[in-house]
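Numbering (this note's numbering), first residue to last: 248 to 703.
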């Protein structure tokens, strides 16, 4: 491997490791949410279970991949201790290097004739604040971003080579995507677009069948487990209806959070924080103060009622309630979809963490560079970017129609880094041309003065 690339990957890992140590998120209480609760149950021998919507027991509230990773950290360092969370977050820092390598490979596939795009794209992914910050959270976001990038890498390779082995690798990664978060399976849309574009006369049904077949085999054991536990078919998670209700019930603002005036007081503490760890603690406090929409909408009696139902039925009850609210006011649902689309591409205004200047400035910078790259890199680049655009578009559309959060944007940020790499390369090329033009003009002026002097 190129030493420069090794250095860049090391930079990515060190940046994330430094963020973990500086922000001290592993010392923040109540920061592991459902993943931590399920992981604790796994370590305690209770299986994949948690308290969810009024009842304890085996669950499909989360996809399995990440809770098992958290459980591995708990096995080493203790359940939800600072030591175990530090181990987990430092491991995620190392995973950041794998993600950046995926961006480099992906950009090399999209712009093979322009190596600078891969270098700049990987550089953006290495230091982009939200991708760095993701390593400090007990969330699937960084793992999701890594898997989406590498799924598309192998999908593009399979499209170019026609190799069944490459298609199988894409299918295996697609299964891991689904087992991390079912929404990530929408990366299949991008891979299918790649197969269509790269077929060169080859039938696309063969790599498609291999990819989907391997992906299906990969998720089959978890689907079988769900059928045994719940007595019915549940693809990966049982919570679509619950999440849809959170994003679309009569009091929702399109996310799972509520906006409380008390959050503003806590944000005042964040603005006066003395250091990074104090700022991080204040932001976590604001996030906990905001709370979930369930805290406002559910009465104790209703929660107890939900707890008497099977887990999948609880979610279906909430889905029916959300649909009833939509039928009662379809225009409001349309407005929520538009708001979520804006929140997804700009800022989730219900999340206190998205109000921080560093977040907003870096988010707009990444978006601006990505748009510049798509606009200036040429038709061939845009055509080869179609699988990435299809993936990002499918994920954005899903969240616009259902529910949104700032973390849902992170899985597409490696794709945006590829386009941002093209934008950064264009800026550097334009600046270089401008400097050369001035140098040539200056040399021409000197020569002109010399000629006039001799003739004069």
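Heads up, the beta-carbon is just placed ideally off N, CA and C, and yes, glycines get one too.
So residue i and residue j are in contact, right, with Cβ under 8 angstroms, and what is the actual spacing, rounded?
i           : j           : result
residue 620 : residue 673 : 7 angstroms
residue 634 : residue 459 : About 16 angstroms separates the two Cβ atoms, so there is no contact after all.
residue 394 : residue 424 : 5 angstroms
residue 370 : residue 354 : So it is not a contact: roughly 10 angstroms between Cβ atoms.
residue 658 : residue 416 : Contact flag wrong, Cβ pair sits at about 19 angstroms.
residue 298 : residue 609 : With 8 angstroms as the limit, residue 298 and residue 609 do not qualify as a contact, their Cβ atoms being about 36 angstroms apart.
residue 662 : residue 638 : 6 angstroms
residue 422 : residue 350 : Not really, about 22 angstroms apart at Cβ, beyond 8 angstroms.
residue 592 : residue 632 : That pair is no contact at about 17 angstroms.
Using 9 angstroms as the threshold, is the C-beta distance between residue i and residue j below it?
i           : j           : result
residue 301 : residue 551 : yes
residue 582 : residue 358 : no
residue 529 : residue 513 : yes
residue 536 : residue 595 : no
residue 654 : residue 386 : yes
residue 558 : residue 383 : no
residue 527 : residue 275 : yes
residue 326 : residue 628 : no
residue 561 : residue 606 : no
residue 439 : residue 630 : no
residue 337 : residue 267 : yes
residue 269 : residue 373 : no
residue 411 : residue 453 : yes
residue 431 : residue 642 : yes
residue 670 : residue 623 : yes
residue 664 : residue 626 : no
residue 483 : residue 466 : yes
residue 437 : residue 636 : yes
residue 534 : residue 600 : yes
residue 255 : residue 366 : yes
residue 278 : residue 574 : no
residue 409 : residue 449 : yes
residue 441 : residue 462 : no
residue 286 : residue 320 : yes
residue 389 : residue 346 : yes
Per DSSP, residue i is paired with what?
i           : result
residue 299 : 302
residue 504 : 539
Three-pair Cβ contact test at 8 angstroms for the stretch 576-593 versus the stretch 645-655: yes
Inter-stretch contact (C-beta, 8 angstroms, three-pair minimum) for the stretch 315-322 and the stretch 281-288: yes
Segment contact, 8 angstroms Cβ cut-off, at least three pairs: the stretch 442-458 with the stretch 404-420: yes
Segment contact flag, the stretch 495-514 with the stretch 565-580, C-beta cutoff 8 angstroms, min 3 pairs: yes
At least 3 beta-carbon pairs within less than 8 angstroms: the stretch 263-282 vs the stretch 339-352: yes
Sufficient close CB pairs (3 or more, under 8 angstroms) joining the stretch 416-434 to the stretch 305-312: yes
The stretch 319-333 touching the stretch 476-495, judged by at least three CB pairs closer than 8 angstroms: no
4-residue-minimum alpha helix (DSSP H) runs that sit fully inside the stretch 437-494, ordered along the chain: 452-477
Runs of alpha helix (DSSP H) lying entirely within the stretch 619-699, each at least 4 residues, in chain order: 626-631, 633-648
Runs of beta strand (DSSP E) wholly within the stretch 286-355 (minimum 3 residues, chain order): 296-299, 302-305
3 or more residues per run - each beta strand (DSSP E) lying fully within the stretch 517-592: none
Whole alpha helix (DSSP H) elements within the stretch 386-415, 4-residue minimum: 388-408
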